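Peer 1:
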Amino acid sequence: MENGKTPMTEALSAKPLASHAPPAPALSVLVPVYNEVENVVPLHAELNAVLRVQPLPYELIFVDDGSTDGTTQRLVEIHDADPAHVRVAFLRRNCGQTAALSAALDLARGDVLVPMDGDRQNDPADIPRLLARLDEGFDVVSGWRANRQDTLLTRKIPSRIANRLVARISGVPLHDFGCTMKAYRRRVLEGVRLYGEMHRFIPIFAAWQGARVTELVVNHRARTAGRTKYGLGRTFNVVLDLILIRFYQRYAQRPIHLFGRIGLWSILLSFFSFAAMLYFKYVFPWPLGYDLPPKSFVETPLPVLAVMFFLGGVMSILMGVLAEMVMRTYYESQAKTTYLLGEVRQGQTPPNG
Numbered sequence: 003m004e005n006g007k008t009p010m011t012e013a014l015s016a017k018p019l020a021s022h023a024p025p026a027p028a029l030s031v032l033v034p035v036y037n038e039v040e041n042v043v044p045l046h047a048e049l050n051a052v053l054r055v056q057p058l059p060y061e062l063i064f065v066d067d068g069s070t071d072g073t074t075q076r077l078v079e080i081h082d083a084d085p086a087h088v089r090v091a092f093l094r095r096n097c098g099q100t101a102a103l104s105a106a107l108d109l110a111r112g113d114v115l116v117p118m119d120g121d122r123q124n125d126p127a128d129i130p131r132l133l134a135r136l137d138e139g140f141d142v143v144s145g146w147r148a149n150r151q152d153t154l155l156t157r158k159i160p161s162r163i164a165n166r167l168v169a170r171i172s173g174v175p176l177h178d179f180g181c182t183m184k185a186y187r188r189r190v191l192e193g194v195r196l197y198g199e200m201h202r203f204i205p206i207f208a209a210w211q212g213a214r215v216t217e218l219v220v221n222h223r224a225r226t227a228g229r230t231k232y233g234l235g236r237t238f239n240v241v242l243d244l245i246l247i248r249f250y251q252r253y254a255q256r257p258i259h260l261f262g263r264i265g266l267w268s269i270l271l272s273f274f275s276f277a278a279m280l281y282f283k284y285v286f287p288w289p290l291g292y293d294l295p296p297k298s299f300v301e302t303p304l305p306v307l308a309v310m311f312f313l314g315g316v317m318s319i320l321m322g323v324l325a326e327m328v329m330r331t332y333y334e335s336q337a338k339t340t341y342l343l344g345e346v347r348q349g350q351t352p353p354n355g
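Numbered per my numbering, the sequence shown spans residues 3 to 355.
The following block contains the structure:
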């Protein structure tokens, strides 16, 4: 020990090694994978071949969604061979593509985020084109598989129907919401949490928050290895998620307006049913046109309809009140605002005197 310094204090007073660390990535490529043992190695090679000639420092984030076919070991080997660019996360079980992509978003450090599929049907050569379009002033560039290499009946036709429905309901005129390959500026994804199949609706959330959204035709390649994980049943999940985000867009801050309207209309129908019941009992007896004694109340469905509509209306209004309380708790407990502030311009305070 010299000059009162121990080896520990000398180590603490030494210059940090951060100056020799590689620059923080400006681009993060996010690749969720599930049972793609034959595809991850060539995909990693393709991505490096494309991105190494680009000026942006980049990182490749692979998220293994509980694979059982050897993909995990392949990803470990890829990371060990290319630790400067590759980061790998392993989910404990299969959670779905949206959850895996959400994990990749949480790990990403770049200002530009490019998610893509791990089955090699997305072409890494399209990434520079997406970035160039982003530089034209857009916040989101969505890929459009205009020449999609999938089966017609089980993939292409249901996808076209679903895309037109989503575009019509959301008001965001994109042709291919299901294409994973997109480019985002990080700021448009702040605060976005993904559930269900909602990763495909990120451009909708971004557009609703004022982001500039466009699309670009990308190359779509036929699958050469592995098996597809999606079928026709996924279309129904997309429709249900679409209903949810439509509700979120229009009524998240005022759910009583939706449930209350449904409740009031239901109560109104109950009054109409009750009035019709009295009418057919005393004014114009049922059955019509027959010389038969009038039926009692319980021999027609009108009393049951009156009760069902009334109870349904009351329950709907009460559900709206509960939803309103939950919404207020959500915003106030997290200090969230009900508005999205873009820019504030204000002059300087004039000096006193």
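The beta carbon of each residue, even a glycine, is placed where N, CA and C say it ideally should be. Every value quoted in this text rests on a predicted model; they were computed, and no experiment measured them.
1. Could you pull out every residue in the same chain whose Cβ sits closer than 8 angstroms to the Cβ of proline 44, ignoring the five residues on either side in sequence?
2. Where are the beta strand (DSSP E) runs, 3 residues long or more, that stay fully inside the segment 171-200, in chain order?
3. Three or more beta-carbon pairs under 8 angstroms between the segment 55-65 and the segment 139-147, yes or no?
4. Assuming valine 215 contacts alanine 208 (C-beta within less than 8 angstroms), just tell me the rounded distance between them.
5. Tell me whether valine 43 sits in a helix, a strand or coil according to DSSP, three-state version.
6. By a C-beta neighbour count over all protein chains shown, 10 Å radius and 16 as the cutoff for buried, is aspartate 67 buried or exposed?
7. Label leucine 77 either buried or exposed according to how many other C-beta atoms from any shown protein chain fall within 10 Å of its C-beta, with 16 as the threshold for buried.
8. Going by the beta-carbon positions, is the gap between arginine 166 and glycine 180 smaller than 8 angstroms?
9. Tell me histidine 222's beta-bridge partners as DSSP assigns them.
10. Would you check if the distance between the CB atom of valine 31 and the CB atom of threonine 73 is smaller than 8 angstroms?
11. Along the chain, where does the alpha helix (DSSP H) that runs through glutamate 138 open and close?
12. Check whether the Cβ atoms of isoleucine 247 and methionine 321 lie closer than 8 angstroms to each other.
13. What number of angstroms, rounded off, separates the C-alpha of aspartate 84 from the C-alpha of proline 27?
14. Output the distance between the C-alpha atoms of valine 33 and alanine 308, rounded to the nearest integer angstrom.
Peer 2: According to the data block:
1. Excluding positions up to five away in sequence, the list reads Arg122.
2. Along the length of the segment 171-200, whole beta strand (DSSP E) runs at least 3 residues long occupy 184-187, reported in chain order.
3. Result no; under three Cβ-Cβ pairs closer than 8 angstroms.
4. Between the beta-carbon of valine 215 and that of alanine 208 there is about 6 angstroms, and that keeps the pair under the 8 angstroms contact cut.
5. In the structure shown, valine 43 sits in a helix (DSSP, three-state: H, G or I).
6. That one is buried.
7. With 16 or more Cβ atoms within 10 Å of its Cβ, leucine 77 is classed as buried.
8. In terms of Cβ geometry, arginine 166 and glycine 180 do not form a close pair [threshold 8 angstroms].
9. Its beta-bridge partners are Asn124.
10. Contact: no.
11. Looking at the DSSP string, glutamate 138 is not in any alpha helix (DSSP H), and its letter there is neither H nor E.
12. No, they are not a contact pair.
13. A straight-line Cα-Cα distance of about 15 angstroms links aspartate 84 and proline 27.
14. One C-alpha to the other measures close to 55 angstroms.
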